[in-house]
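Let me begin by presenting the structure, written as structure tokens, before commenting on it.
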Amino acid sequence: MRTRWITGAAAFLIVPFVLQGCGFGNNEGSEDMDEPPEEVTEEIEWGELEGETEEGEETETEAELEEGSSEESSNDSAETETVERELYLLDEEGMVVPQTFELPKEEGVLNQSLEYLVSDGPLTSMLPNGFRAVLPAGTEVDVNLKEGTAITDFSTEFRDYDPKHEQAILQAVTWTLTQFENVDDVSLRINGYEQETMPVNNTPIGESYSRENGINLENGQVSDMTGSDSVTIYFLSQNQEDAYYVPVTRRVEGQEDGNMLEAAMDELAKGPAADSSLYDVFREGTSLANEVTMEGETASLLFNEGLLTEQEGTAIAEEALHAIALSATEVEGVQEVELNVEGVEDVVKVTGESIEPLARPALVNADIS
Numbered sequence: 001m002r003t004r005w006i007t008g009a010a011a012f013l014i015v016p017f018v019l020q021g022c023g024f025g026n027n028e029g030s031e032d033m034d035e036p037p038e039e040v041t042e043e044i045e046w047g048e049l050e051g052e053t054e055e056g057e058e059t060e061t062e063a064e065l066e067e068g069s070s071e072e073s074s075n076d077s078a079e080t081e082t083v084e085r086e087l088y089l090l091d092e093e094g095m096v097v098p099q100t101f102e103l104p105k106e107e108g109v110l111n112q113s114l115e116y117l118v119s120d121g122p123l124t125s126m127l128p129n130g131f132r133a134v135l136p137a138g139t140e141v142d143v144n145l146k147e148g149t150a151i152t153d154f155s156t157e158f159r160d161y162d163p164k165h166e167q168a169i170l171q172a173v174t175w176t177l178t179q180f181e182n183v184d185d186v187s188l189r190i191n192g193y194e195q196e197t198m199p200v201n202n203t204p205i206g207e208s209y210s211r212e213n214g215i216n217l218e219n220g221q222v223s224d225m226t227g228s229d230s231v232t233i234y235f236l237s238q239n240q241e242d243a244y245y246v247p248v249t250r251r252v253e254g255q256e257d258g259n260m261l262e263a264a265m266d267e268l269a270k271g272p273a274a275d276s277s278l279y280d281v282f283r284e285g286t287s288l289a290n291e292v293t294m295e296g297e298t299a300s301l302l303f304n305e306g307l308l309t310e311q312e313g314t315a316i317a318e319e320a321l322h323a324i325a326l327s328a329t330e331v332e333g334v335q336e337v338e339l340n341v342e343g344v345e346d347v348v349k350v351t352g353e354s355i356e357p358l359a360r361p362a363l364v365n366a367d368i369s
């Protein structure tokens, strides 16, 4: 088991979670006029319009309106409103990694998100060192949303990728789009033609692809793949400048009792694969000390004292807290984690603060430095 340690992760965030045919442009939710209205328009509300003045109410003078309009125009040109988005990129090891960027706030967020995944595109000047966009240069994209499926239509340039990155591209597109609550899965088209496999190495897509298909896949020690389950857990990686979390989907023996959270914590404690470039978040010997219990959407985890690695064995590292919250909330039905350590009455962080129930950060690597 790999037991390397890593430093540099920032403080843990305890915050709630918060086409037939080819026409490349901002057409999310558009419908064919000749067909019944099947496409569902993606509704993104950025704010409410001011109500109209009712009859009899006092109105502003024309001069006041002109002055206000001039000031608003000046402010708009001086500062463009932005919003944080998670984009899945390739790091130097070929791992698919979420990174957070400030993008212009606009409608058509599905189209916009994929446009920022195109090499030599608008993301180029913003890329962190060691990371690159996943889609071939010149790729155009058109996304329509239908009943929770993001129907993603690429231009022919999409085929111009390195075969070894085929699965990574499929995963990056899928995980970038499914960050939005109204997107469950993704289907692929090229110039309007449905793709049941990827175009170069024929990686299966089927009717659609979702997060359930995994990311940065590992087979683990499973011999019977048909009777196995999968868990997605988070380890650390580091380049010359930053530490960051990497999701890994690992096959595990089938869980007859359905306790996928316990399986996920067991795999997190095992650490990364021996041939991986990733780093442990736990000290060797760390494990669950009791069965996982659930109350509503809150899971209770009891670890042994191996989890206490900081302040002379009295506190839990921020990296471990973050990895536990990220990995646990990948399990369906888990929104919060109550964390306890065997024989310890008050479990604390390195700051000395008691640990409150852990929730998933809104963005995975937003505050890593």
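Going by UniProt numbering, the sequence shown opens with residue 1, and the numbers climb by one from there.
Ideal Cβ positions, reconstructed from N, Cα and C, are used throughout, including at glycine.
{"Item": "Name the DSSP beta bridge partners of Tyr116, please?", "Value": "Tyr116 is not bridged to any residue."}
{"Item": "Output needed for Glu196: all residues of its chain with C-beta closer than 8 Å, excluding positions within five of it in sequence on either side, in chain order.", "Value": "Pro204, Ile205, Gly206, Glu207"}
{"Item": "Taking the C-alpha atoms as reference points, what is the distance between Gly148 and Leu363?", "Value": "21 Å"}
{"Item": "How big is the Cα-Cα spacing for Thr298 and Asn259?", "Value": "14 Å"}
{"Item": "Under 8 Å: do the segment 294-308 and the segment 270-280 share three or more Cβ pairs, one atom per stretch?", "Value": "no"}
{"Item": "Could you give the distance in angstroms between the alpha-carbon of Gly352 and the alpha-carbon of Asp346?", "Value": "10 Å"}
{"Item": "Judging by CA-CA distance, which residue of Leu188, Leu261, Trp175 is the nearest neighbour of Val331?", "Value": "Leu261"}
{"Item": "Output needed for Thr139: all residues of its chain with C-beta closer than 7 Å, excluding positions within five of it in sequence on either side, in chain order.", "Value": "Val118, Phe154, Ser155, Glu157, Phe158"}
{"Item": "Quick one: grab the DSSP three-state call for Arg189.", "Value": "strand"}
{"Item": "Could you tell me how far apart the beta carbons of Gly306 and Phe282 are, in whole angstroms, since I believe they sit closer than 8 Å?", "Value": "7 Å"}
{"Item": "Can you find a CB in chain B that lies within less than 9 Å of the CB of Leu110?", "Value": "Reference to chain B is not applicable here, since this structure consists of a single protein chain."}
{"Item": "Go to Glu319, then tell me how far its alpha helix (DSSP H) extends in each direction, as first and last residue.", "Value": "318-328"}
{"Item": "Looking only at DSSP bridge pairs, what is Phe303 linked to?", "Value": "Leu288, Val341"}
{"Item": "CB-CB under 8 Å to Leu321, same chain, minus the five flanking residues each way: which ones, in chain order?", "Value": "Phe12, Leu339, Lys349, Ile355, Leu358"}
{"Item": "For Met95, is the classification buried or exposed, using 16 other Cβ atoms within 10 angstroms of its Cβ as the cut-off for buried?", "Value": "buried"}
{"Item": "Out of His165, Val141, Asn144, which has the shortest C-alpha to C-alpha gap to Arg132?", "Value": "His165"}
{"Item": "Using only the alpha-carbon positions, how far apart do Leu308 and Asn239 sit?", "Value": "26 Å"}
{"Item": "Rounded C-beta distance between residue 392 and Ala328? I'm assuming under 8 Å.", "Value": "Residue 392 is absent from the structure shown; the chain starts at 1 and stops at 369."}
{"Item": "Just confirm the distance between the C-beta atoms of Pro136 and Asp160, as a whole number of angstroms; I'd bet it's less than 8 Å.", "Value": "4 Å"}
{"Item": "Count the other CB atoms, across all protein chains shown, that sit within 10 Å of the CB of Pro361; report buried if there are 16 or more and exposed otherwise.", "Value": "buried"}
{"Item": "Is Gly296 close to the ligand PLP? I mean its beta-carbon at under 8 Å from any heavy atom of the ligand.", "Value": "This structure lacks the ligand PLP; in fact it carries no ligand of any kind."}
{"Item": "Asp266 lies in the alpha helix (DSSP H); which residues open and close that run?", "Value": "260-270"}
{"Item": "Would you call Val83 buried or exposed, if buried means 16 or more other Cβ atoms sit within 10 Å of its Cβ?", "Value": "exposed"}
{"Item": "Could you have a look at Ile215 and say whether DSSP puts it in helix, strand or coil?", "Value": "coil"}
{"Item": "I'd like the list of long-range same chain contacts for Thr178, defined as Cβ closer than 6 Å, with 5 residues on each side in sequence excluded.", "Value": "Arg211"}
{"Item": "Please determine, among Leu288, Ile169, Thr80, the residue with the shortest C-alpha to C-alpha distance to Leu87.", "Value": "Ile169"}
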